[in-house]
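Taking it in order: structure first as structure tokens, then the write-up.
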Amino acid sequence: MPKILTSQTHPLEIAHVRASPAQGRIGITFCPGKHDRAARTGVWARDLATDIDALVAWGARLVLTLNEPAELTALNVTNLGTEVLARGLDWRHVPIADFSTPDPAFERRWRTHGRDIRMLLRRGDDVVVHCKGGLGRAGMIAARLLVELGVDPEGAIKTVRAARKGAIETSAQLALVRRTTPVPDIESIDVERLRRVGRRLGSNPGGVYQDEQGRRFYVKFLESEAMARNEYLAAKLFQIVGAPTLTYVRANDPTQVATEFVALEKRNIAEFDADELRRTRHWLGTHAWTANWDAAGFHGDNQGVVAGEVITLDVGGALAFRAQGDPKGKAFGVSVDELDTLRFDENNRFAKHLFGAMSPAEFRESIARVTRIPDAAIRRVIAENDGDGALADKMIARKADMAKRLE
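Residue 2 is where the sequence shown starts when you use our numbering, and the numbers rise one by one after that.
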């Protein structure tokens with residue numbers, strides 16, 4: 002009879018490494034709560050709540066999940082992210098195929114998530130990285146983080162394998178670590194110290210700026226601190242749902258909004274193929290929840306493709322302000338009328354073109370992406386990004402209004 006492996010018989014073990022004594026720990030483990038009858042080690046039948054208790058007790062501030070969505074379904078942990086968020090932890094889901102290495106979509110997302118994770122580690126916070134078995138993908142990304150934080154590649158490989166026997170399983174995963182280089186993240190930018198190298202691209206004043214290392218940023222000059230804070234908050238709310246955005250970087254001037262400058266493969270929904278349109282529609286619920294009336298763009302130009310990933314290019318028109326800075330006032334209330342107006346309003350023709358043909362299943366799933374986010378996680382994200390309790394109350398009320406569409 003096969004051995005049954007539970008959270009009680011085999012408590013979650015978290016190996017860890019760190020880039021320096023002053024930095025936080027990078028935990029390495031297998032998928033919390035997993036169920037797997039076909040594993041060669043035995044029959045896994047773990048309890049997700051118990052395993053998340055172990056993550057909290059260990060001191061994790063953030064959990065990075067590398068499993069693909071189909072894997073999470075097969076392992077019976079489709080609610081992993083929701084449960085992690087409900088316990089007050091941050092959750093990032095950046096999938097890699099089993100036994101594989103990062104694809105271009107991962108690399109695009111890593112620009113945002115990798116930066117956030119490194120910033121936490123540099124501040125002394127602890128993170129946990131997991132895949133299915135906690136060896137190949139988790140070991141590879143733990144080693145990659147070490148190198149990005151300044152450890153030499155061979156030292157990173159040795160350190161990870163000493164902490165987690167069998168980690169980094171394939172030659173391709175080893176090669177990925179060996180070609181990784183340190184990443185000198187910056188807390189914020191000062192436009193006065195940068196060189197302007199490109200023109201304004203949107204409805205607000207701005208331009209492309211470059212630092213001495215050749216890094217480029219697009220900087221918008223807004224009329225008030227409130228407008229800039231509004232956009233940063235919107236980006237964080239998109240992120241908690243999982244919707245792709247540009248990588249935001251704080252500016253020293255609180256009236257400016259800066260993002261890493263990226264080359265677009267496509268810059269208008271008119272250029273999208275059927276699959277790209279389908280993936281864009283995944284986020285109708287997120288746009289509606291955040292009242293992003295400019296989801297598609299006045300000319301269909303607020304969605305683009307970067308490294309094969311469909312991405313919202315500007316979230317400045319979400320929450321309390323319109324894209325050009327006018328306050329929405331009472332139009333941004335607790336009723337999410339945007340679920341209909343983004344699909345059917347003749348005056349928002351590109352949004353209607355994009356979202357109007359959604360199937361009932363697509364519509365419901367786009368809403369569920371928002372409604373599964375715990376209230377406590379919404380409050381935490383808003384508080385951590387200079388939002389107030391009134392906004393948190395409103396966003397929770399808007400989420401509840403959306404949930405009525407699923408009844």
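Beta carbons: idealized from backbone N, C-alpha and C, even for Gly. Values in this document were obtained by computation on a predicted structure and should not be read as measured data.
Option in the options with minimal Cα separation from residue i
i	options	result
Val335	Arg399, Pro103, Glu14, Gly199	Arg399
Val209	Glu224, Glu261, Lys237, Ala235	Glu261
Ala157	Met141, Ser360, Asp327, Lys166	Met141
Val95	Lys405, Arg41, His114	His114
His36	Pro375, Gln257, Ser225, Leu6	Leu6
Glu84	Val44, Pro33, Arg109, Met120	Pro33
Ala324	Met228, His131, Thr79	Met228
Trp92	Leu392, Ala98, Leu65, Glu69	Leu65
Glu14	Arg38, Ala40, Thr51	Thr51
Glu72	Arg162, Gly43, Phe31	Phe31
Ala264	Lys395, Arg109, Gly167	Arg109
Residue i versus residue j: straight-line alpha-carbon distance, rounded
i	j	result
Gly135	Ser172	17 Å
Gly137	Ile29	10 Å
Ala164	Gly318	46 Å
Arg268	Gly203	12 Å
Asp186	Lys329	35 Å
Ala1	Gly151	There is simply no residue 1 to check, as the chain begins at 2 and stops at 408 in what is shown.
Ala144	Gly357	45 Å
Ala404	Arg373	9 Å
Gly60	Arg344	43 Å
Gln211	Arg116	18 Å
Ala275	Glu155	44 Å
Leu177	Asn231	38 Å
Arg26	Thr342	46 Å
Ala20	Leu49	29 Å
Val18	Thr182	18 Å
Asn349	Gly301	10 Å
Trp45	Asn303	45 Å
Asp387	Ile379	13 Å
Phe100	Val184	25 Å
Gln9	Arg47	8 Å
Phe273	Val198	28 Å
Gly243	Ile97	16 Å
Arg200	Pro206	9 Å
Pro375	Ala393	12 Å
First and last residue of the uninterrupted beta strand (DSSP E) at residue i
i	result
Asp276	Note, Asp276: premise wrong, no beta strand (DSSP E); alpha helix (DSSP H) at 275 to 282.
Gln240	Element bounds for Gln240: not the beta strand (DSSP E) but the alpha helix (DSSP H), 226 to 242.
Asp91	91 to 94
Lys353	Segment 350 to 356 is the alpha helix (DSSP H) holding Lys353; no beta strand (DSSP E) there.
Phe222	217 to 222
Ile29	27 to 30
His17	16 to 18
Extent of the continuous alpha helix (DSSP H) to which residue i belongs
i	result
Val178	172 to 179
Asp117	105 to 123
Glu385	376 to 385
Thr160	154 to 164
Gly82	81 to 87
Leu147	137 to 149
Glu339	339 to 345
Arg365	361 to 372
Residue i vs residue j beta-carbon contact at 8 Å
i	j	result
Pro12	Ala55	yes
Pro105	Gly305	no
Asp127	Arg217	no
Arg88	Val57	yes
Leu285	Ser225	no
Glu266	Val311	no
Phe364	Thr287	no
Ala289	Leu340	yes
Asn68	Lys133	yes
Ala297	Ala236	no
Gln24	Arg123	yes
Leu355	Leu247	no
Gly82	Leu223	no
Thr160	Pro245	no
Leu407	Ala369	yes
Ala259	Val316	no
Ile169	Leu146	no
request  = Would you be able to state if there are at least three C-beta pairs under 8 Å between the region 247 to 267 and the region 183 to 192?
outcome  = yes
query = Do three or more CB pairs link the region 280 to 293 to the region 311 to 328 at distances below 8 Å?
reply = yes
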